[in-house]
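If you read the sequence shown in this note's numbering, its first letter stands for residue 9, the second for the next number, and so on. Quick reminder that beta carbons are idealized off the backbone N, C-alpha and C, glycines included. Because the structure is a prediction, the values reported are computed rather than measured.
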Amino acid sequence: MALPAELAELAAEVSNWGRWGERDERGTQNLIDADATRRGVALVQEGTHRTLALPLDQTAPQQGGAPGRIAPLRTMLSINQTYTGQDGDAAFNDDTVTMAMSAGTHIDALAHVTYGGCIYNGFPDTKVTAHAGATKCGADKIDPIV
């Protein structure tokens, strides 16, 4: 199914492709410079902390109804495992998480969506592969923002 013509027109109107040069992989994050940070800090009135985290468990919210998407699954690999096998020695806990990367808590990137065979700024969608992930416009291009 093709996108409605109105959507294509709107996309062209609001596009930032090329705004910061043809090699840009950060998009509107380019607007968050030192001056923007100072303006943001000046707005602080209470100094309270707010978490942006969501549960990383079976109760985590799921976005949409993507086929095959499951709630995050955490599996404990080691619980109080001693390095030497002797009780009372240094021990560690370890776990692994299996989750759909676009559900619940996740890091999004400009490579997350394609349009017309391209990711952000006209990079070909072939820059996202099963083996290497996003080699252009990936989450590794996101600078700290808080």
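Query, Result
"Residues that DSSP places opposite Val105 in a beta bridge", "Arg82"
"Simplified DSSP assignment, three categories, for Asn24", "coil"
"Val136 burial status per 10 Å Cβ neighbour count (16 or more: buried)", "buried"
"Outcome for Asn129 when other beta-carbon atoms lying within 10 angstroms are tallied against a minimum of 16", "buried"
"For Gln37, three-class secondary structure by DSSP", "helix"
"Where Val136 sits in the DSSP three-state scheme", "strand"
"Proximity of Thr143 and Asp133 at Cβ, strictly below 7 Å", "no"
"Cβ-Cβ distance between Ile40 and Ile153 below 7 Å", "yes"
"Per-residue DSSP class, three states only, for Tyr123", "strand"
"Close Cβ partners of Asp148 (< 6 Å) along its chain, the five nearest in sequence each way excluded", "none"
"Residues that Gly130 bridges to, as DSSP identifies them", "Bridge partners of Gly130: none, in fact."
"Distance between Ala98 and Tyr91 (C-alpha atoms, nearest Å)", "6 Å"
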